[in-house]
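See below for the structure under consideration.
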Amino acid sequence: MTKITIIGSEKSGRTTLASKLGKKGNTADITMYDFSKNDRVLTTIDAVGYPTSVKPMVTAFNLSDIVLLCVPPEGLDAHTGECIISLDLMGYKHGIIVLTKSDTSYPFALDELKEKIKKITTGTALENWDYISVSTTSFEGMEELKEMIFDMGDEVEKEQEELKDLPTRVVIDQSFNVTGIGCVVLGIVMQGTLNAKDKLVAFPTDKTVEVRSIQMHDVDAKSAPPGARVGLALKNVQSKDIERGFILSEKEDVTEDLTLKCQFSQFSKGFAIGDVPHIFVGLQSSPMRLAKIVVNGEEVERTTTDAECTITLTGSKLLAYNESDRFIICNLDDKQRFVGYGYKA
178 MTKITIIGSE
188 KSGRTTLASK
198 LGKKGNTADI
208 TMYDFSKNDR
218 VLTTIDAVGY
228 PTSVKPMVTA
238 FNLSDIVLLC
248 VPPEGLDAHT
258 GECIISLDLM
268 GYKHGIIVLT
278 KSDTSYPFAL
288 DELKEKIKKI
298 TTGTALENWD
308 YISVSTTSFE
318 GMEELKEMIF
328 DMGDEVEKEQ
338 EELKDLPTRV
348 VIDQSFNVTG
358 IGCVVLGIVM
368 QGTLNAKDKL
378 VAFPTDKTVE
388 VRSIQMHDVD
398 AKSAPPGARV
408 GLALKNVQSK
418 DIERGFILSE
428 KEDVTEDLTL
438 KCQFSQFSKG
448 FAIGDVPHIF
458 VGLQSSPMRL
468 AKIVVNGEEV
478 ERTTTDAECT
488 ITLTGSKLLA
498 YNESDRFIIC
508 NLDDKQRFVG
518 YGYKA
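If you number the sequence shown the way this note's numbering does, the last residue is 522 and the count never jumps.
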């Protein structure tokens, strides 16, 4: 199963492209589209709530393996730039830069746009991404794009195969009640192999749940490998007690406060003691107050962009995470909202 997120500015053609890659499904602040042919299954996620909010885009990133960054013939704008910065801060590995609406432009203009994007993305996580020109009107490049996605999906599956023996970890993005069944959740198996009858803890709570049954693509399954999108019927919990971002696993760190080793973007205006950045980890997020900043072993008043900072944050919401999780730091009041990333210190 290949899971992709389509992002870009509001006029980038991303939603039209998503609609051509599958059948429209669930809609909230993200919209999912599903495509299935023979043994090929493709789930496309459109972060429709972006750019009004950054949360849908962060959610979509964490539910997918591949990103399509859509750029129209008009070129890059502030929101496209924000998409590039966010992907770089997340260290996003797999993606394709899609030059949309190619039927409204000329080959030499598209080549110029491609070269401009290459210069901007040099030194970022997007530096070696592939490019393709497509049109959802003439369908130029559409079949080639699907083949590129599936080829990249094969690479992702090989990487996920290496995670199958790790402790099971499932990230939940939806929870609801089904009459006669009870609590049902949708999510992604991030690592390990999930089996029916497994008993796991729903973090950040300490509630133990049992996996009553597993479905993949609406088909019952006894187990689910890393990367699988699953529907799970759970015992010992009600749907109202499970929120987007909850993690089913055997062990997580859970805390309201954090100490992170961070790097801040050169585009960041920085933070001072007392400021309240917004912290994202997986599908969870929380505003947290900056209580302490340490640079090169000394306490300072503001963060810096030219050296690693160790920051201490205080919050009022429990967050669940493990030592490999990357925290994304945002300033929701700034024009460029993605400002840095960090790991547990």
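Here a beta-carbon is modelled for each residue, glycine too, at the ideal position from N, C-alpha and C. Quantities reported herein were computed from a predicted structural model and do not represent experimental measurements.
State buried or exposed for residue i, treating a residue as buried only when at least 16 other CB atoms are found within 10 Å of its CB.
i: G369; result: buried
i: D397; result: exposed
i: I358; result: exposed
i: Y210; result: buried
i: F130; result: The question about residue 130 has no answer here: the residues shown for the chain are numbered 178 through 522.
i: Q443; result: exposed
i: L495; result: exposed
i: T208; result: buried
i: V355; result: exposed
i: R406; result: buried
i: T299; result: exposed
i: G451; result: exposed
i: F285; result: exposed
i: A484; result: exposed
i: D223; result: buried
i: Y498; result: buried
i: E445; result: In the sequence on display, residue 445 carries Ser and not Glu. Classification for S445: buried.
i: K214; result: exposed
i: Y283; result: exposed
i: T491; result: exposed
i: Q415; result: exposed
i: N372; result: exposed
i: G474; result: exposed
i: F541; result: No information on residue 541 is available, as it lies outside the stretch 178 to 522 that the chain covers here.
i: A232; result: According to the sequence displayed, residue 232 carries Lys and not Ala. Per the 10 Å Cβ criterion, buried.
DSSP has residue i in a bridge; who is on the other side?
i: I184; result: L246
i: C260; result: Bridge partners of C260: none, in fact.
i: S352; result: V362
i: D510; result: Note: D510 sits in no beta bridge, so no partner.
i: G517; result: F441, I506
i: Q525; result: For the chain, the structure presents residues 178 to 522; residue 525 sits outside this window and is missing.
i: D397; result: Q392
i: A373; result: A373 pairs with nothing; no bridge assigned.
i: A497; result: V431
i: I326; result: The partner list for I326 (beta bridge, DSSP) is empty, contrary to what the question assumes.
i: E332; result: Answer is none; E332 lacks a bridge partner.
i: L490; result: L435, L467
i: K272; result: Sequence check: residue 272 is Gly here, not Lys. Bridge partners of G272: V244.
Just to check my reading of the structure: residue i and residue j have Cβ atoms closer than 8 Å, yes? What is that Cβ distance to the nearest angstrom?
i: V225; j: D242; result: Incorrect: roughly 20 Å between the Cβ atoms, too far for contact.
i: W306; j: G330; result: Not a contact, Cβ separation roughly 15 Å.
i: I294; j: M234; result: 19 Å between Cβ atoms; not a contact.
i: I262; j: F441; result: I262 to F441, Cβ: 11 Å. No contact.
i: S310; j: L276; result: 4 Å
i: G199; j: L219; result: 6 Å
i: V366; j: G404; result: 7 Å
i: G447; j: R479; result: 5 Å
Any chance the segment 186-202 sits against the segment 246-257, with 3 or more Cβ pairs inside 8 Å?
yes
List in chain order: all unbroken alpha helix (DSSP H) runs of 4+ residues lying wholly within the segment 182-229.
Complete alpha helix (DSSP H) runs here, min 4: 191-197.
Evaluate contact between the segment 494-509 and the segment 453-465, counting only Cβ atoms and requiring at least three cross-stretch pairs below 8 Å.
Touching, yes, given that three or more Cβ pairs across the two stretches are closer than 8 Å.
Is it true that the segment 398-413 meets the segment 310-328, where meeting means three or more beta-carbon pairs spaced less than 8 Å apart?
no
Inter-stretch contact (C-beta, 8 Å, three-pair minimum) for the segment 364-383 and the segment 330-349:
yes
Could you tell me which whole beta strand (DSSP E) segments of length 3 or greater appear in the segment 285-318?
307-310
Mind listing, in chain order, the continuous beta strand (DSSP E) runs of no fewer than 3 residues lying wholly within the segment 406-472?
406-412, 424-426, 430-432, 435-441, 455-458, 461-464, 466-472
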